[in-house]
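For reference, the structure is listed below as structure tokens.
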Amino acid sequence: MKWICGASWHEPESRRSGRLRPRNRIGQNTALTLIGNTAQYYWQIANLNQQIKQQQAGLEIGQQTLAMVQSRYDAGAAGQLDLQQAQQSLINRENTYRTLQQQREENRNALAILFNRSPTDRQAERRSLDITQESAGSERFAGRSHCSSA
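Numbered according to the UniProt record's numbering, the sequence shown terminates at residue 150, and the numbering increases by one at each position without gaps.
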């Protein structure tokens, strides 16, 4: 008997003898697909969280740059083209930020659907892909003895 995250999986005689029944194979393929999709959405959300955080910093820089160019323009030290370029740069950053937020929301919803939950029911998620930044999160899973293989 194998234990995978709290669920026991009995290996039928056909499995031990090297033959799988088609129905068992379909079930295993479905389980593997579900696990793969879950992992994919989980890491995509972490990646998007990291990109959103970086984009927020970029937005602040864009706003500061626009304010600086606006001041220079008001003082006559910058042209209208410089001002329009700074404005367009900020607009582009804002659009990228909104796009990343939308992608994250879509991935969150897809993950919620996989777990038969409401999309508004939020689960814990990684803020970045850097595992050293979130060592506390890994400690939470370390105590789960039912997620080991026997």
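Glycine included, C-beta positions come from ideal geometry on N, C-alpha and C.
If you follow the alpha helix (DSSP H) that residue i is part of, which residue opens it and which one closes it?
{"i": "alanine 78", "result": "Element bounds for alanine 78: n/a, residue is neither H nor E."}
Rank the options by C-alpha distance to the C-alpha of residue i and give the top, closest one.
{"i": "tyrosine 97", "options": "Gly62, Gln40 and Gly76", "result": "Gly62"}
{"i": "arginine 127", "options": "Gln50, Tyr41 and Tyr42", "result": "Gln50"}
{"i": "isoleucine 52", "options": "Ile113, Leu100, Phe115 and Asn116", "result": "Leu100"}
Output the distance between the C-alpha atoms of residue i and residue j, rounded to the nearest integer angstrom.
{"i": "arginine 25", "j": "isoleucine 35", "result": "15 Å"}
{"i": "tryptophan 3", "j": "glutamine 103", "result": "The pLDDT assigned to tryptophan 3 is 47, lower than 50, so where the model puts this residue is not dependable, and the model offers no usable value."}
{"i": "arginine 140", "j": "glutamine 87", "result": "With a pLDDT of only 46 at arginine 140, under 50, the local geometry of the prediction cannot be trusted, and the value read off the model is given with reservation. So the alpha carbons of these two residues sit roughly 45 Å apart."}
{"i": "aspartate 130", "j": "isoleucine 91", "result": "29 Å"}
{"i": "serine 118", "j": "leucine 111", "result": "10 Å"}
{"i": "asparagine 37", "j": "leucine 83", "result": "45 Å"}
{"i": "glycine 79", "j": "leucine 66", "result": "13 Å"}
- Query: Hey, is the segment 104 to 124 in contact with the segment 65 to 80, meaning 3+ C-beta pairs nearer than 8 Å?
  - Reply: no
- Query: Touch check for the segment 23 to 36 and the segment 99 to 108: three-plus C-beta pairs under 8 Å?
  - Reply: no
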